[in-house]
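Undergrad: Position 155, counted from 1, in the sequence shown is what the working numbering calls 199; the numbers after and before it change by one each time, with no gaps.
Let me begin by handing over the structure; questions about it come next.
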Amino acid sequence: MSWGTELWDQFDNLEKHTQWGIDILEKYIKFVKERTEIELSYAKQLRNLSKKYQPKKNSKEEEEYRYTACKAFLSTLNEMNDYAGQHEVISENMTSQITVELARYVQELKQERKSHFHEGRKAQQHIETCWKQLESSKRRFERDCKEADRAQQYFEKMDADINVTKADVEKARQQAQLRHQMAEDSKADYSSILQKFNHEQHDYYHTHIPNIFQKIQEMEERRIGRIGESVKTYAELDRQVIPIIGKCLDGIVKAAESIDPKNDSQLVIEAYKSGFEPPGDIEFEDFTQPMKRTVSDNSLSNSRGDGKSELKFGGKSKGKLWPFIKKNKLMSLLTSPHQPPPPPPASASPSAVPNGPQSPKQQKEPLSHRFNEFMTSKPKIHCFRSLKRGLSLKLGATPEDFSNLPPEQRRKKLQQKVDELNKDIQKEMDQRDAITKMKDVYLKNPQMGDPASLDHKLAEVGQNIEKLRLEAQKFEAWLAEVEGRLPARSDQARRQSGMYDLQNPPAVNNCAQDRESPDGSYTEEQSQEGEVKVLATDFDDEFDDEEPLPAIGTCKALYTFEGQNEGTISVVEGETLYVIEEDKGDGWTRIRRNEDEEGYVPTSYVEVYLDKNAKGAKTYI
45 MSWGTELWDQ FDNLEKHTQW GIDILEKYIK FVKERTEIEL SYAKQLRNLS
95 KKYQPKKNSK EEEEYRYTAC KAFLSTLNEM NDYAGQHEVI SENMTSQITV
145 ELARYVQELK QERKSHFHEG RKAQQHIETC WKQLESSKRR FERDCKEADR
195 AQQYFEKMDA DINVTKADVE KARQQAQLRH QMAEDSKADY SSILQKFNHE
245 QHDYYHTHIP NIFQKIQEME ERRIGRIGES VKTYAELDRQ VIPIIGKCLD
295 GIVKAAESID PKNDSQLVIE AYKSGFEPPG DIEFEDFTQP MKRTVSDNSL
345 SNSRGDGKSE LKFGGKSKGK LWPFIKKNKL MSLLTSPHQP PPPPPASASP
395 SAVPNGPQSP KQQKEPLSHR FNEFMTSKPK IHCFRSLKRG LSLKLGATPE
445 DFSNLPPEQR RKKLQQKVDE LNKDIQKEMD QRDAITKMKD VYLKNPQMGD
495 PASLDHKLAE VGQNIEKLRL EAQKFEAWLA EVEGRLPARS DQARRQSGMY
545 DLQNPPAVNN CAQDRESPDG SYTEEQSQEG EVKVLATDFD DEFDDEEPLP
595 AIGTCKALYT FEGQNEGTIS VVEGETLYVI EEDKGDGWTR IRRNEDEEGY
645 VPTSYVEVYL DKNAKGAKTY I
């Protein structure tokens, strides 16, 4: 089946068909090109989407990605980034292996088609020229034959006429012979041209045109085959990235399977655990007593009307402290007498003493009302350092020692800081070793460099190492302090609470000194006193640099009192002392003899002279 034999007379249709084939090929090239643009656009959008949801560096989002669910999401984003990369590979391969190659092939195809049809037109023009020559010789032969026939007829007429001279007859005869000769020559020429035309025509239809059409057929078949190969390549390029895309999807599935709800729950505990213990139960207080309230064991009550805190230590919560108790309040609780004050000597009573003041009595308020007031009350600041720390917290500045954090979180931050400093030290030491080796090389080979030029760099690195070591020692000391104060990590049930108010950050959580006296008495079982003493020592260590409470007045001892219990102080009748906390309704007044000697005495044993100016000097934040 050949176009040369079957389509020998369809030159024009073949020309149109081959042009249509080139148009189809160009249309397919345009399709693939648009597909590559779509792939690039899709890959770009996927990358932008992945980048949009990537955690920002040095931000809170980056810390959230330690949870397994967030890690799985981050893995999904990374896999989607690789997924986008495969679409870029598809675009690049289709551009290089299909679009560019087909565009080059189209140009070659157009040139080949032009050449073939030019050759065909040239053959057509040649056969047409031969045909014209044949027609011309044929017409000339026909004309000469007619002229010869007329000349013959004229000669015969002249020869039959007796009136015509012999010369005229001879002339007519010669003319007739000349015409016959011309007719014979035209006949021979026509016959020759006819044979030549037939030969050319045979070659045209059986040799030239079949060969040209055969080349055109082969060209068209190559074009069709090339389209088939391109379509196959189009599919193969997609198929090549399927395994990698499958790996990306497998990575997403693996990330999803790695999500561990229990682990995330544990991370939440590690992230937000303060190390404090919840407060114990509040004991029932019996308000049926007509006289001033007597503090029962294991209870801490507050009879003041100014909304101060109330603290109770129950049996199950022995040794446990609320995290929002200020130091001096806690120390007052820890050191206040563990029993009601003794009555004055029988020889005299407070009422028998001239101007003998009675212990201040306050109206008893419901426990729930005082508890609500305590929870909503704001702590007070009475020292410049605490005020400055509070202002720094308000302004968002984080203390260098992370003292604004709960113990457990502070320990983690300090440990992280120590690890970072150790890494920096190791990096500087590696750099020092490298410089030292380079200096040795310079000493052995002076032409490579001046060893003295590295001394300055060595000294600088040494200074950096020393600074980092000092910094690391500072943080290690803070870390040791925190770890020394915290119990063993395996004994989670016995953690002691510290001084930290997570709920009121603007209220200066780490107030160095609270000028308020204990809001009520503090009592607990004798078996708990040892633990309370240890805890009090810890708080004293933390606040050993605070200034003492200021005196709010003076007092005069009306009777001799032997302070034998913990937190009390002995006084002699007639002795004058400083009052630093007045009676809060529990029958005890806190006094000071000197900077190192202070404690509680029964209010009925002293006559108090309060300094109103000193009391009014209290500052509330």
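For each residue, glycine too, the CB sits at the ideal point set by N, CA and C.
What you are looking at is a predicted structure, and each value in this text was computed from that prediction instead of being measured.
My parser needs the beta strand (DSSP E) runs of 3 or more residues fully inside the segment 592-645; what are they?
TA: DSSP assignment within the segment 592-645 yields the following whole beta strand (DSSP E) runs of 3 residues or more, N-terminal first: 597-601, 620-625 and 632-636.
Undergrad: Could you name the residues of the same chain whose beta carbon sits closer than 8 Å to that of Gly48, not counting the 5 residues immediately before and after it, in chain order?
TA: Ile253, Pro254, Asn255, Ile256, Phe257, Gln258 and Gln261
Undergrad: Please classify Ile73: is it buried, with 16 or more other beta-carbons within 10 angstroms of its beta-carbon, or exposed?
TA: Per the 10 Å Cβ criterion, buried.
Undergrad: Please classify Arg455 as buried or exposed, where buried requires at least 16 neighbouring CB atoms within 10 angstroms.
TA: buried
Undergrad: Suppose the cutoff is 7 Å on Cβ atoms and the five residues either side in sequence are ignored; what does the same chain contact list for Arg267 look like?
TA: Cβ neighbours of Arg267 beyond the five flanking positions: Gly65, Leu69 and Leu153.
Undergrad: Within 10 angstroms of its Cβ, does Lys461 collect 16 or more other Cβ (buried), or is it exposed?
TA: buried
Undergrad: If we call anything under 8 Å between Cβ atoms a contact, is Gly290 one with Ser119?
TA: no
Undergrad: Taking Ser46 and Glu83 to be in contact with their CB atoms under 8 Å, please state how far apart those CB atoms are, rounded to whole angstroms.
TA: That belief does not hold up - the Cβ atoms of Ser46 and Glu83 are roughly 43 Å apart, past 8 Å.
Undergrad: When you compare each of Arg157, Asp494 and Gln470 to Lys511 by their alpha carbons, which one comes out closest?
TA: Gln470
Undergrad: Just to confirm before moving on: does the CB-CB distance between Val623 and Ala601 stay below 8 Å?
TA: no
Undergrad: What number of angstroms, rounded off, separates the C-alpha of Gln221 from the C-alpha of Asp193?
TA: 10 Å
Undergrad: In the DSSP assignment, what residue or residues form a beta bridge with Leu654?
TA: BP columns for Leu654 point to Gly597.
Undergrad: Within the continuous alpha helix (DSSP H) that includes Tyr248, where are the two ends?
TA: First-last for Tyr248: undefined, no H or E at that position.
Undergrad: Skipping 5 residues on each side, what residues in its chain have a beta carbon closer than 6 Å to that of Asp304?
TA: Thr112
Undergrad: Candidates Asn508, Gln453, Ile479 and Gln155: which alpha carbon is nearest Leu523's?
TA: Gln453
Undergrad: Is it the case that the Cβ atoms of Thr598 and Leu621 are separated by a distance below 8 Å?
TA: Taking the C-beta atoms as reference points, Leu621 is found nearer than 8 Å to Thr598.
Undergrad: Can you give me the C-alpha to C-alpha distance between Trp632 and Glu464, rounded to a whole angstrom?
TA: Spanning the two alpha carbons is a distance of roughly 52 Å.
Undergrad: Looking at the structure shown, is Asp56 part of a helix, part of a strand, or coil, going by DSSP?
TA: helix
Undergrad: Could you give the DSSP three-state label for Gly319: helix, strand or coil?
TA: coil
Undergrad: Quick check on Ile237: does DSSP put it in helix, strand or coil?
TA: helix
Undergrad: Distance, Cα to Cα, Pro450 vs Val526?
TA: 10 Å
Undergrad: Using the Cβ count rule (16 or more neighbours within 10 Å means buried), how would you classify Gln237?
TA: Correcting the residue identity first, residue 237 is Ile in this sequence and not Gln. By the neighbour-count rule (16 or more Cβ atoms within 10 Å), Ile237 is buried.
Undergrad: CB Met138 to CB Tyr316, shorter than 8 Å?
TA: no
Undergrad: Considering Ser181, what are the terminal residues of the alpha helix (DSSP H) in which it resides?
TA: Val144 to Ala204
Undergrad: Cutting at 7 Å between CB atoms, please list the residues of its own chain near Arg91, excluding the five before and the five after it.
TA: Asn125 and Ala128
Undergrad: Pick from Ala521, Arg636, Gln98 and Thr647: whose alpha carbon is nearest that of Gln459?
TA: If we check each option's Cα against that of Gln459, Ala521 comes out closest.
Undergrad: In this structure, how does DSSP classify Lys90 when only helix, strand and coil are distinguished?
TA: For clarity, residue 90 is Leu in the given sequence; the question names Lys instead. Helix, per DSSP.
Undergrad: So, Phe199 versus Gln219, is the Cβ gap smaller than 8 Å?
TA: yes
Undergrad: Within the same chain, show all residues whose beta-carbon is closer than 8 Å to that of Ala167, passing over the 5 residues directly before and after it, in chain order.
TA: Tyr248, His252, Ile253 and Ile256
Undergrad: Using DSSP with H/G/I as helix, E/B as strand and the rest coil, what is Met45?
TA: coil
Undergrad: If the criterion is Cβ atoms closer than 8 Å, does the pair Glu606 and Ser614 meet it?
TA: yes
Undergrad: Which residues bound the alpha helix (DSSP H) around Phe117?
TA: Thr112 to Met138
Undergrad: Do you know offhand how far Ala204's Cα is from Met226's?
TA: 25 Å
Undergrad: Who are the Cβ neighbours of Leu121 in its own chain at under 8 Å, not counting the five residues just before and after it?
TA: Ser94, Tyr97 and Gln98
Undergrad: The alpha helix (DSSP H) spanning Pro451 covers which residue range?
TA: Pro451 to Lys488
Undergrad: Using 10 angstroms around the beta-carbon of His246, count the other beta-carbons present and answer buried if the total reaches 16, otherwise exposed.
TA: With fewer than 16 other CB atoms across the displayed protein chains lying within 10 angstroms of its CB, His246 is exposed.
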